[in-house]
Amino acid sequence: FLSMIDSEEERLVVDDETERLRRAMRAAPRQSSGGIRGGGETDGRGSTVVSLSVSVTDLKQSPKCASEATENFLWRLSVRRQHNADEILIELEWDREVKSSVWSIEASVEFRIVNHRNPSITMKQILDHNFHRDSSSVSSIIDTYPNMITAENGFVKDVKILFEAHIVVKKVEGIRSSTSSSLDFSAPSEILDVALVVEGGAKVYAGRQFLSTYSPYFHALFYGELREKREIKMDGVGREELVELLEVIYPVERPITDKNVEGLLKLAGRLEMKTVLSKVERFLISTSSSLTPSARLLLADRYRLAQLQSVCLSSLYSKVAIKSVRDSNEYEKLSEKTKEALFDRMMEIV
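Numbers in the working numbering are just positions in the sequence shown, counted from 1, shifted up by 223.
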């Protein structure tokens, strides 16, 4: 099998526009080089926190240190020393490349230089700003005073300084977050009338009728011997993965991404949610996914996604493409049937 494909080489041509869009969709926080780490999260009080951890050396030598954009609202935090060495400029900018002039974000921004030893003396400055096309950033100069930013004073930990921007969005026009949810699955309501008890004893609330429509598994639970139960125990299911699944089927516009596909496939398969399986399969077939052919083949094999497997096999149009699958980490995890299908595809090419 390998001897038939080892000798051929191929240049892979990637459409520039498609690749640019994929990069834009993969804007999640990640580790960057040079001792700089950036990220975004929520603080549990309705604000978004953008953090930037910068090494002391980078702050002294680099003209500007910047975080990655956060995954939801695309904020970017950057810092740089001023000509006066005791002053640091902290800047928050909206990172999305929007040419439109009809969007705006009204927000309150609290800049912080975090004190790890005593949070009460963390340096803070609060600003209100209306972000729009002609004013997409806000900045502040914080006077750090001579020898203030040191490990002894609690502002340096592991040779790094932690900067944060706490953002409270007050009003948004022209932009809709792709991950916003209007449902709170942590509390019961008129439409969320049953508690699903997951690992650790946490309760996730959902609607009996709604789940029964999507899942024969839940229909059997809710309209069988557990008809009167207000709580259903879900062994081996984590809260985060269950909520993510619910946000895909409920009308809250939860996106399917390369990061959550396998968790969705695993849980949707167990709960017999064919609609979710079909949605994930369509995502994996589309250009929205940047997973490798071998990774997609493994998912198709593992969760019996016939249409996805057919598309993956058809996309392997050369011996070199097939060899790349054969040399991948996923190959050994494939079933014998899928390996046979790969061999058949290679014979078609020959």
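Idealized CB from N, CA, C, for every residue including glycine.
By the Cβ criterion, the stretch 405-424 is not in contact with the stretch 350-362, since fewer than three pairs of Cβ atoms, one from each stretch, lie closer than 8 angstroms. Between ASN483 and ASP524, the alpha-carbon positions lie close to 17 angstroms from each other. Scanning GLN305, ALA529 and TYR473 for the CA closest to the CA of ASP366 turns up GLN305. Listed in chain order, the beta strand (DSSP E) elements of length 3 or more contained wholly in the stretch 327-409 are 327-336, 346-355, 360-366 and 383-396.
Assigned with DSSP and collapsed to three states, SER547 falls in helix.
Looking at ASP309, ILE545, ASN338 and ASP351, the one whose alpha-carbon comes closest to that of ILE328 is ASP351. When beta bridges are read from the DSSP output, SER301 appears opposite ALA289 and GLU314. Rounded to whole angstroms, TYR437 and PRO474 show a C-alpha spacing of 13 angstroms. Taking one beta carbon from each stretch, the stretch 535-542 and the stretch 509-525 have 3 or more pairs nearer than 8 angstroms; the two touch.
In this structure ILE384 is buried. Its beta-carbon is surrounded by 16 or more other beta-carbon atoms within 10 angstroms. Taking 4 residues as the shortest admissible run, the stretch 415-489 contains the following complete alpha helix (DSSP H) segments, listed from N- to C-terminal end: 431-437, 439-445 and 462-472. With respect to TYR428, ALA418 sits close: the two C-beta atoms are nearer than 8 angstroms. Secondary structure at THR498: helix, using DSSP grouped into helix, strand and coil. Assignment of beta-bridge partners to SER278 by DSSP yields LYS383. One alpha carbon belongs to GLY461, the other to GLU454, and they sit about 16 angstroms apart. Assignment of THR271 by DSSP, reduced to helix, strand and coil, places it in the strand class.
Between LYS542 and MET570, the CB-CB gap reaches or exceeds 8 angstroms.
For THR561, the enclosing alpha helix (DSSP H) starts and ends at 559-572. Contact check for LEU468 against LEU490 passes: the beta carbons are separated by less than 8 angstroms. Taking the CA atoms as reference points, LEU528 sits about 20 angstroms from GLU464.
For SER533, the uninterrupted alpha helix (DSSP H) run begins and ends at 529-538, by DSSP. Listed in chain order, the non-local C-beta contacts of LYS393 below 7 angstroms within the same chain comprise GLU329, ALA330 and SER331, local neighbours out to five positions each way being set aside. Secondary structure at VAL503: helix, using DSSP grouped into helix, strand and coil.
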